[in-house]
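Beneath this line is the structure, given in structure tokens, with notes to follow.
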Amino acid sequence: MTKQRLYLFDTTLRDGQQTPGIDFSVEDKIAIAKLLDGFGIDYVEGGYPGANPTDTAFFQKKRTESAKFVAFGMTKRAGVSASNDPGLAALVQSKSDAICFVAKSWDYHVRVALGCTNEENLESIKASVETAVAAGKEAMIDCEHFFDGFKANPDYALACARTAYEAGARWVVLCDTNGGTQPSEVHEIVGKVIAGGIPG
């Protein structure tokens, strides 16, 4: 049996912030990040710089000593160059070690939520990852609605994941956003992703 490294990625400071009744201050986030760092968490996702004043202020300094400090945000907007996208600029200019981009990987959401073509979405994924890597950041992609997207259009969902990987993303996260994918389906689909050239 080969040894494999397990990495712990904590989203308390972003996902936890979305819990009803929770409204972290910058001071709260600093204290929680310090605790998570002390626990030995590998990656601490701190929030979405540029999306709100608290997260923007929180990312003005690196807040971890050992853990990678991760900024979360969207890929660049379609029709805007990477150098002219204010959201991407906020992520790159943050004092993070890594950027975790959320990217649409279901063609239905590309049309309905983003209002762009499949090709424009792929270009946004590629340009965002390349920009992060060029800035010295570790790049990650959360392929939102990946499993639903794969069931609807496997070629396109796989193209999203492959585009991110080939652009330099260290992690390509296959998200079961709606939580409706059965374990047997996950096994089958992940096998197809690996067979498609993206290492597991």
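For the sequence shown, the working numbering gives the first residue as 264, with consecutive numbering after it. Backbone N, C-alpha and C define an ideal beta-carbon position, used for all residues, glycine too.
| Query | Result |
| --- | --- |
| Does DSSP put Asp300 in a helix, a strand or coil? | helix |
| Identify every residue that forms a DSSP beta bridge with Val396. | None, per the DSSP bridge assignment. |
| Rounded to whole angstroms, what's the CA-CA distance from Lys339 to Arg268? Just pull it up for me. | 31 Å |
| DSSP three-state call for Pro446: helix, strand or coil? | helix |
| What residue range is occupied by the uninterrupted alpha helix (DSSP H) comprising Val373? | Careful: Val373 lies outside any alpha helix (DSSP H) and carries neither H nor E. |
| Taking 8 Å as the cut-off, does the stretch 383 to 398 touch the stretch 451 to 461 (at least 3 CB pairs, one atom from each stretch)? | no |
| Whether or not the stretch 412 to 432 and the stretch 362 to 378 are in contact is what I'm after, with contact meaning three or more pairs of Cβ atoms, one per stretch, closer than 8 Å; do they touch? | yes |
| State the Cα-Cα distance for the pair Ser359 and Val289, rounded to the nearest angstrom. | 15 Å |
| Taking C-beta to C-beta, are Cys423 and Cys406 nearer than 8 Å? | yes |
| Count the other CB atoms, across all protein chains shown, that sit within 10 Å of the CB of Glu328; report buried if there are 16 or more and exposed otherwise. | exposed |
| Relative to the C-alpha of Phe302, which candidate in Leu354, Glu401, Ala390, Leu271 has its C-alpha closest? | Leu271 |
| Rounded to whole angstroms, how far is the Cβ of Gly313 from the Cβ of Arg277, which I believe are closer than 8 Å? | Their Cβ separation, rounded to whole angstroms, is 13 Å, which puts Gly313 and Arg277 out of contact at 8 Å. |
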